[in-house]
Structures are given as C-alpha cells and as structure tokens.
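These notes are about the structure you will find just below.
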Amino acid sequence: MYETEIETNRRAWDVRTREHVASRFYDVDGFLAGNSSLREIERAELGDVAGLRLLHLQCHFGLDTLSLARLGAQATGVDFSPAAIAQANELARRTQLAAEFALCDVYAAPGTVGGGFDLVFTSYGAIEWLPDIGRWARVVADCLRPGGRFHMVEFHPCGYALQGDPYFHSPTPMRIEERSYTENATEVVPLHVWTHPLGDVINALIRAGLRIESLNEFPWSPYDCFPDLVEREPGRFHRAAGQPDLPMLYSIAASKG
Ligand SMILES: C[S@@+](CC[C@H](N)C(=O)[O-])C[C@H]1O[C@@H](n2cnc3c(N)ncnc32)[C@H](O)[C@@H]1O
1084 MYETEIETNR RAWDVRTREH VASRFYDVDG FLAGNSSLRE IERAELGDVA GLRLLHLQCH
1144 FGLDTLSLAR LGAQATGVDF SPAAIAQANE LARRTQLAAE FALCDVYAAP GTVGGGFDLV
1204 FTSYGAIEWL PDIGRWARVV ADCLRPGGRF HMVEFHPCGY ALQGDPYFHS PTPMRIEERS
1264 YTENATEVVP LHVWTHPLGD VINALIRAGL RIESLNEFPW SPYDCFPDLV EREPGRFHRA
1324 AGQPDLPMLY SIAASKG
C-alpha cells in the first residue's frame, strides 16, 4: 500500500537533496568548518550523547547525524533517498566522524540496522512523509534496547493548520507540488504528506510500549516555515505581534521499559 506515493516522495527527496547540499540553508561549508547543525531544543534536551549507540531516523544527508557523532555518539543514520545517503557517506568520509549510513525506508529500519540502540532520534519534518504512525512507533520501539531513549522534535500540526492543512489524520495523503524550502530551490516536484495530530503520535508511542517522559510545545520555530512568522528573537520565529501564540514545534522524550 502507498508504494506509488512513497516512490514519488523518494524521487522528490533525491531532487531536494541535490539542491539542499548546495544551499546556504544547510551550510555544508560551515559544518565542515566545525559548526553543528543541531538546534537549541535538541541540544538542550538530548543531554550527553557521548558513547551512545544512536540511530537517527530520516537523517537526510547526514548533517545532524554527523553533528551528533561530533558530540561523541556512535551514530547511524537511515534515509530512503539514495542521493541523501550517498552525500552522507561522502561527508562521513571527509570528516572521519564515527557515523554510518544505511539506505532504507524508515519502516525497514529494524531489519536493516537491527536493534539495541541506546537512543533513537528524529526531527523537523520527518513524520509527515509517513502514512502509518503506529507502524513508525513500533519501528522506534524495535530499534531501542530495553531502557533506551527516544527523542523527537517536530513541527506542530497547529503550524501546518495555519497554512490550511487539516489538523487530523486522513489515510488519503495530501498531494502537493512545490519547490523545496531552501533559498536556492528551483525544481517543483510532487510530494505526498500525511498529518499526524499530537494525540496520534503520543498514543502510537504508548501502544508501542514506550513510556512518555516529557512532551514540550514551543511557540516558535527555528525555521521561517509557516505563514506570517516573525523572528522576534534570533533564531526564533513566532507568530506576528498581535496574534495569539500557537505551538509551532513540539518535542517528545520517551523511554523503553
Ligand atoms: C525534512 S528531512 C528531515 C529533516 C532533517 N532534520 C534535516 O533537515 O536534515 C526529511 C527526510 O525524510 C526522508 N524520508 C521521507 N520519507 C521517508 C521514508 N518513508 N523512509 C525513509 N526516509 C524518508 C527524506 O528523504 C528526507 O531526507
């Protein structure tokens, strides 16, 4: 089911990867010079990752995975885009960081990279590409060792609702055609997205056997990605003055018993 939609998405992410690698938005040169691509929320919430076997789901072309490796994690990233994984491997080679990358659909991660991870991480624009949030949560649980931790930072469905997307999940994906979000993107590609309200994500993780340790909502995003946001403080895009704050991001920390 959904093979056609997923294949369309995969092709779109190959196109996007080629644009993203050359973008100011991702700033690969800055990363190679030592900058971290991690944002303030995950930096504050992940804690010390040194020595941890870490799995990064939907790692794109590896900047966050490699930034986590720079903090001492033994990092593995998975993504379904061959262009993204090829670029991630190239960056790992150039930086000599302790990171490995595997090409697979996120649902195939347990069969591809196995389980026993101390920490599973995913962030910023990952789950909207997935049709089945229950299956995704079972992947997270299957990849963790008992006692292992899960951490995610995601765009809030309220932010998507501001741009006119439905808040609640429908099995029928939204088909969009758009340029990517980096400043240099030109190619318009079709994509399929599924919304996942917060309750569905939390319930899926609980049903997969995880214990929710925290759920935080943030009235800002590090990206100017929803309508009418204003950078009120450096790196924090809120709704414009005069509009009531709404959650733009959420983070979840969970553990496997
Ligand atoms: C917006 S990016 C993730 C954000 C990441 N924090 C970043 O900006 O580097 C979304 C990633 O999900 C990947 N992806 C989408 N659907 C996927 C699937 N079914 N299985 C594996 N990866 C998928 C895409 O290839 C892309 O690299």
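Under the numbering used here, residues 1084 to 1340 are what the sequence shown spells out, in order.
Note that the Cβ used here is the ideal one computed from N, Cα and C, for glycine as well.
Check: Count the other CB atoms within 10 Å of the CB of GLY1145; is the residue buried (16 or more) or exposed (fewer)?; Outcome: buried
Check: Which first and last residues belong to the beta strand (DSSP E) in which GLY1160 is found?; Outcome: 1157 to 1162
Check: The alpha helix (DSSP H) that contains GLU1183, what's its start and end?; Outcome: GLU1183 -> not in any alpha helix (DSSP H); beta strand (DSSP E) instead, spanning 1182 to 1186.
Check: If we count the other Cβ atoms within 10 Å of its Cβ and call it buried at 16 or more, is TYR1267 buried or exposed?; Outcome: Residue identity check: residue 1267 is Asn in the sequence provided, not Tyr. Exposed, because fewer than 16 other Cβ atoms sit within 10 Å of the Cβ of ASN1267.
Check: Span of the alpha helix (DSSP H) holding THR1205?; Outcome: Taken as a continuous stretch (DSSP letters only), THR1205 belongs to no alpha helix (DSSP H), being part of the beta strand (DSSP E) at 1200 to 1206.
Check: From SER1338 to ALA1192, what distance separates their C-alpha atoms?; Outcome: 18 Å
Check: How big is the Cα-Cα spacing for ALA1169 and PRO1249?; Outcome: 35 Å
Check: Look at the Cβ atom of VAL1272, then the Cβ atom of VAL1098, and state whether they are nearer than 8 Å.; Outcome: yes
Check: Which residue from THR1087, THR1178, LEU1180, TYR1243 puts its Cα closest to that of ARG1322?; Outcome: TYR1243
Check: Is it true that the CB of GLY1155 sits closer than 8 Å to the CB of VAL1133?; Outcome: According to the sequence shown, residue 1133 is Ala rather than Val. Contact flag set, yes.
Check: Helix, strand or coil: how does DSSP classify PRO1193 here?; Outcome: helix
Check: Inspect the CB distances between the stretch 1194 to 1201 and the stretch 1216 to 1232 and report whether three or more fall short of 8 Å.; Outcome: yes
Check: Under the assumption that PHE1233 contacts VAL1189 (Cβ atoms under 8 Å), give the Cβ distance between them as a whole number of angstroms.; Outcome: Wrong, their Cβ atoms sit about 14 Å apart, outside the cutoff.
Check: Pull up the distance between the alpha-carbon of PRO1310 and that of GLU1316, whole angstroms please.; Outcome: 17 Å
Check: When you compare only the Cα positions, how much space is there between THR1195 and ARG1107?; Outcome: 32 Å
Check: Less than 8 Å between the beta carbons of SER1206 and VAL1236, yes or no?; Outcome: yes
Check: Taking the DSSP output, what are the residues bridged to PRO1273?; Outcome: GLU1260
Check: Looking at ligand 1, does it come within less than 7 Å of ALA1167, judged from the CB to the closest heavy atom?; Outcome: yes
Check: In its own chain, which residues sit with a C-beta less than 6 Å from the C-beta of LEU1274, not counting the 5 before and 5 after it?; Outcome: ASN1092, ALA1095, ILE1259
Check: Around the C-beta of MET1084, are 16 or more other C-beta atoms found within 10 angstroms, so that it is buried, or is it exposed?; Outcome: exposed
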